[in-house]
Amino acid sequence: MNNPIISVENLSVNFKTEDATTIAIQEISFSIEKGKTLAIVGESGSGKSVSALSILKLLPEKITENKSGKITFNTKENATIDILTASNTQIEKIRGNDIGIIFQEPMTSLNPLMKCGIQVAEVLMLHKKLSKEKAIEETIRLFEEVKLPNPSNIIHRYPHELSGGQKQRVMIAMAICCNPNLLIADEPTTALDVTVQKAILELLKELQIKYNMAILFITHDLNLVKSFADNVLVLFKSKMIEYNSSFEIFNHPKDIYTQSLIACRPSTTERVKYLKTVEEIISKDETHDPESNIISLHSFNDRLTTLQNNAPIFEINHLKIWYPTKTNFFGKPTAFFKAVNDVQLTIHESETMGLVGESGCGKTTIGKAMVKLVDITEGEILYKGKNINDFSKSELNEYRRQVQIIFQDPYSSLNPRITIGNAILEPMHVHGIFNPNERKEKVAELLEKVGLLPAHFNRYPHEFSGGQRQRISIARCLAVNPSFIICDESVSALDVSVQAQVLNLLVSLREEFKLSYLFISHDLGVVKHICDHISVMQKGVIVEKNNAEELYAHPNNFYTQALINSHLH
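Residue numbers (the numbering used here): 2 to 570.
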């Protein structure tokens, strides 16, 4: 057995605030050898990122107390240091040079005011003492290595000019530019499409083999690390739950929490009404009988027949949304980016239509066009048989009440200065629904319906977790009694157990209020679970449409096959 690059023994970290002390991690131990990958898996708040930040000594000193344990690291010069007792000078020498890190959100970890090439070149100039010219040359080589298109062009681009996957590749180039012994990847693929996700993981594997790096991979998605990690450490509420080889964790999980994390993912083989949550599996809650929970293919086909007989709620005909990219001397557009190009889509009452595809394929643009947030270039969108562009002012107000949207990021779609009770109450006030006293009662009722408490009325968005904030967004949508909801990547950034809760909620609300949904997502497992029909988009065009079971079992289009293959592996 090789000497580990890093060895963590009984690491504990507490955070102290004015009011209380929070236990962030308790007696965590692990080690990683050269060329090996350890995945730390757990829900939000379990202590995953705190473990990584402790290794780099990036935790805020002001609030961090009782750091106990030992972190032993072997540098490139074969020196062994204890990171917790190392001086700032030693740590600064290690950061970026011996230990590289890829953060969760590339847009916030790249400087928006600096060109991408300069950001990577700076690291090379600092640690490798290269001249600016040589550093730029090396940056172009690194951009080629991480498979960025046209590297000599991308070095001159700003982060906002790149896609999510491209920004993540820039971060990887920056993290590996000094050939580190250890690469820490903190949720590096969370918000990426399944095909881009697969490409990033394959790239990390290639680079690991080339440079013989150790990788610490942090994620909340257990499924993601199945074929990627050698060993897995499962964390729950700051404690180590299970630490074993990837094979053992997935094939013989010993702890019920690990078993429940694996079990609460939507199944790709059988259709169920209700996803079991982590809490239900742990408490052995048998409220939902496993037998009666399964939806047979026969009953699914019966549902499809019923839906086809329902009146269409939305008909999208030959929809085009083009953005000018070049204009002539007179300002007339001469070239266009075809975000949506000749799309046909029909959604019936009580139906859930899935819209799947990579970032930039036009999914969200269609959703925004349906709520009149973007202008249509050509074609029409009919709601209950009438063109939405022909609505009178009063019809448009009523339409805005009936068609609601749940955005991907609940935090940025909630006003941080307004209490969540008032955020839910506001749409009722705007649309003149109920009198003031009834509105407060309705808010309390909605909070309970989405699994929160009426006592939460006066709390602010920052006082809730990501999953709770998404429930608040759902309650706000329901406040105006809509008939149609657009869910735009509404569960993509949530932990698997929270995701299961939100999906169960959406299904029960659909049954209770006879709602119709357009469900936009890049996660095929989630889409297959909740949707009746699925439309697959690529580069502004719908390339395949079918019912959820048929499309997953027998995809005809090459791109659909690639999406499903990326999801399964």
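Built from N, CA and C at the ideal position, the CB exists for glycine as well.
In the DSSP assignment, M538 falls within the unbroken beta strand (DSSP E) covering H534 to Q539.
Of the residues K529, N547 and S522, the one whose Cα lies closest to the Cα of V195 is S522.
Straight-line measurement puts the Cα of G118 at about 9 Å from the Cα of F144. When the alpha-carbon of L320 is set against those of H530, E379 and F251, the nearest one is in E379. The straight-line gap separating the alpha-carbon atoms of D187 and A174 is approximately 15 Å. The region 294 to 306 makes no contact with the region 357 to 375, as fewer than three CB pairs between them are under 8 Å.
Fewer than three Cβ pairs drawn from the region 489 to 499 and the region 312 to 328 lie within less than 8 Å of each other, which leaves the two stretches out of contact. Rounded to whole angstroms, the Cβ separation of L305 and S351 is 11 Å, and the two are not in contact under 8 Å.
Between K94 and N182, the C-beta gap is not smaller than 8 Å, which leaves the two residues out of contact.
Per DSSP, the unbroken alpha helix (DSSP H) holding C478 starts and ends at G467 to L479. For the set N79, D99, L59 and G101, the Cα lying nearest the Cα of L85 is the one of L59.
Three or more pairs of CB atoms, one per stretch, sit closer than 8 Å, so the region 16 to 36 contacts the region 46 to 56.
DSSP places T307 in the uninterrupted alpha helix (DSSP H) bounded by L298 to N310. In this structure, DSSP gives C179 a state outside helix and strand, which the three-state scheme calls coil.
The region 430 to 437 makes no contact with the region 515 to 532, as fewer than three CB pairs between them are under 8 Å. Every unbroken stretch of the beta strand (DSSP E) spanning 3 or more residues and falling wholly within the region 351 to 430 is given here in chain order: 353 to 357, 379 to 384 and 404 to 407. Residue nearest to F559 within the set I82, M538 and T23 is M538 (criterion: CA-CA distance).
Residue environment for G433: exposed (fewer than 16 other C-beta atoms within 10 angstroms of its C-beta). H430 has its alpha-carbon roughly 46 Å from the corresponding atom of K199.
Of all C-beta pairs linking the region 447 to 467 to the region 416 to 428, three or more are shorter than 8 Å, placing the two stretches in contact. Within the region 67 to 130, the complete beta strand (DSSP E) segments at least 3 residues long are 81 to 83 and 100 to 103, listed from N- to C-terminus. Looking from the CA of T353, the closest CA among N4, N547 and S69 belongs to N547. Taking C-beta atoms as the reference points, H530 and P267 count as a pair closer than 8 Å. The C-alpha of L454 is placed about 58 Å away from the C-alpha of E138.
Nearest Cα to N112 within the set S132, M172 and R96: M172. H319: member of the beta strand (DSSP E) spanning P313 to T328, first to last residue. In terms of Cα proximity to I201, the closest of K274, S69, Q105 and T140 is Q105.
Under the DSSP definition of a beta bridge, R272 partners with I296. Taking 8 Å as the upper bound for CB-CB distance, A336 and I322 are not in contact here, some 15 Å apart. Listed in chain order, the alpha helix (DSSP H) runs fully inside the region 34 to 69 are 49 to 56, counting runs of at least 4 residues. A residue is called buried once 16 or more other Cβ atoms fall within 10 Å of its Cβ, and L448 is buried on that count. For the options Y244, P428 and A136, the alpha carbon positioned closest to that of V233 is the one of Y244. Collapsing the DSSP output to three states places F435 in coil.
The DSSP-derived three-state label of S498 is helix. It is roughly 53 Å from the alpha-carbon of F392 to the alpha-carbon of T259. The beta carbon of I141 sits closer than 8 Å to the beta carbons of G118, P152, S153 and I156 from its chain, once the five residues preceding and following it are set aside; these are given in chain order.
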